[in-house]
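Below is one structure; the comments refer to it alone.
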Ligand code: ARG
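Numbering (our numbering), first residue to last: 4 to 468.
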């Protein structure tokens, strides 16, 4: 039974080094439930089409179900002499039912088999990831509700720019993740195809019924071309690019959490349950969870590049290079799920230092644009007002103040006899935020409407699922 994938054309066995090199067993073991599901559907089709001798299907079905139970209970030991999960299932089936096990592979190749397994596996994982992602979006939505009154400096070029509501900032990420969720739905619609029945590459001479197995397995459609069915890895590359985009969003958020939790910013403090210490510096409280999320984005991007490179020179149809798709995809799924398991908790754990952010939202002249806007309202062309206020900032800074509101009256009269100082007092972070008029601005009404829109979307998604 060893080296089952070798027919009698070979004089001897594969060398141990080559066997170890070719084996995918160390990473494709997780496909076993999907492999069994695909085999059960294939078996049902063979039985219905009277391709098998009487009585064989029942035996094989029982054997396959037993193998799945052994796997679930952790009692099935991977056997290295069988090179992959598919050959392990067939080998174990042979031990259970005897030589009739050999009928299972009628009208099927490992090429359409592994493609079927991967489609089943990915579809299930994507559904699960979609649910977890909705949880993350809901967490950001709640955080936004809790920070509707918190003002903070918004940045451009990493420099304080204009005051915003912290809720607005959380919602920006909520919308990125909402797009990720819709992109994952799009992916599912395109990837929901059954390759089973394509055989090695050309179809098979049996009167098999690929549409029957498609329905059994719950796929929305069939591939239109057998060569494409066995050699398509677009759905994996597309999934990896989906994951890369998602991880890029995660990484940006993680980067902000790292910055904001540095004492230099002091905007937030992650809960102790999400902070780590230093082995030498007793005072340290490090944002490791956020740092690792940022770091893990790199490996996911790498997996995308890796599979693109694996596929780029492959002639049709199946080539063993494609076996290299699995570790990239599996590690990506594990990474994405690991992030989704920890990010909502990290966000919920944050202590928010509203006073510090309010102070910073007033410092560094974040109301300078609005001061120029007031001059413009009085008839000064905006560009001229922009220059005038820039000069004022320079004078105030030179005099040693970090904000307009800190300038004493007499100094102000000297720097800006043409600008009433009440304006500067009036331009608080709160009035600036409230003055934004656009539907997607940081004004409270807009932010509240974003929260309502997100809630609507989340409810709709929940109802549809
Ligand atoms: N372990 C293989 C893979 O992951 C299964 C398909 C093997 N097919 C073949 N013709 N060698 O791609």
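The C-beta atom is built at its ideal place from N, Cα and C for all residues, glycine as well.
With contact defined as three or more Cβ pairs closer than 8 Å, the stretch 263-273 and the stretch 317-336 are not in contact. In this structure, DSSP gives residue 155 an extended state, which the three-state scheme calls strand. Taking a C-beta distance under 8 Å as the contact criterion, residue 335 and residue 243 qualify as a contact pair.
Under the Cβ criterion (8 Å, minimum of three pairs), the stretch 425-440 does not count as touching the stretch 135-145. In this structure, the CA atom of residue 165 is about 7 Å from the CA atom of residue 364. Between the beta-carbon of residue 62 and that of residue 100 there is about 5 Å, and that keeps the pair under the 8 Å contact cut. Its Cα nearest to that of residue 220, the residue 124 stands out among 155, 253, 297 and 124. Counting along the chain, residue 283 sits inside no alpha helix (DSSP H), nor does DSSP assign it H or E at all.
Here the alpha carbon of residue 179 sits roughly 16 Å from the alpha carbon of residue 444. At least one heavy atom of the ligand ARG lies closer than 7 Å to the C-beta of residue 323. If you look at residue 213, you'll find it in the alpha helix (DSSP H) that goes 213-220.
By DSSP's assignment, residue 78 forms no beta bridge with any residue.
In this structure, the ligand ARG has a non-hydrogen atom nearer than 7 Å to the beta-carbon of residue 89. At least one heavy atom of the ligand ARG falls within 7 Å of the beta-carbon of residue 27.
By the C-beta density criterion, residue 68 is exposed, having fewer than 16 other C-beta atoms within 10 angstroms. Secondary-structure assignment with DSSP links residue 197 through a beta bridge to 225.
Pairing residue 199 with residue 233 gives a Cβ-Cβ distance that is not under 8 Å. In this structure, the straight-line span from the alpha carbon of residue 346 to that of residue 297 is close to 11 Å. For the options 410, 173, 211 and 122, the alpha carbon positioned closest to that of residue 332 is the one of 122. In the structure shown, residue 272 falls within a strand segment according to DSSP collapsed to helix, strand and coil.
Beta bridge pairing from DSSP links residue 185 with no other residue. Comparing alpha carbon positions, the residue from 275, 129 and 93 closest to residue 113 is 93. Collapsing the DSSP output to three states places residue 70 in a helix. In the DSSP assignment, residue 456 falls within the alpha helix (DSSP H) that extends over 447-467. A contact is defined here as three or more CB-CB pairs under 8 Å, and the stretch 42-50 meets this definition with respect to the stretch 207-226.
Residue 463 has its Cβ no nearer than 7 Å to any heavy atom of the ligand ARG.
Judged by DSSP in its simplified three-state form, residue 262 adopts helix. Per the DSSP secondary-structure output, residue 289 pairs in a beta bridge with 279. DSSP, read as helix, strand or coil, puts residue 381 in coil. When DSSP states are grouped into helix, strand and coil, residue 137 belongs to the helix group.
Residue 83 sits in coil when the DSSP states are folded into three classes, being neither helix nor strand.
In the DSSP assignment, residue 167 falls within the unbroken beta strand (DSSP E) covering 162-168. Taking C-beta atoms as the reference points, residue 391 and residue 377 fail to come closer than 8 Å. DSSP places residue 360 in the uninterrupted alpha helix (DSSP H) bounded by 357-365. Burial is judged here by how many other beta carbons sit within 10 angstroms of a residue's own beta carbon; residue 150 has at least 16 and is buried.
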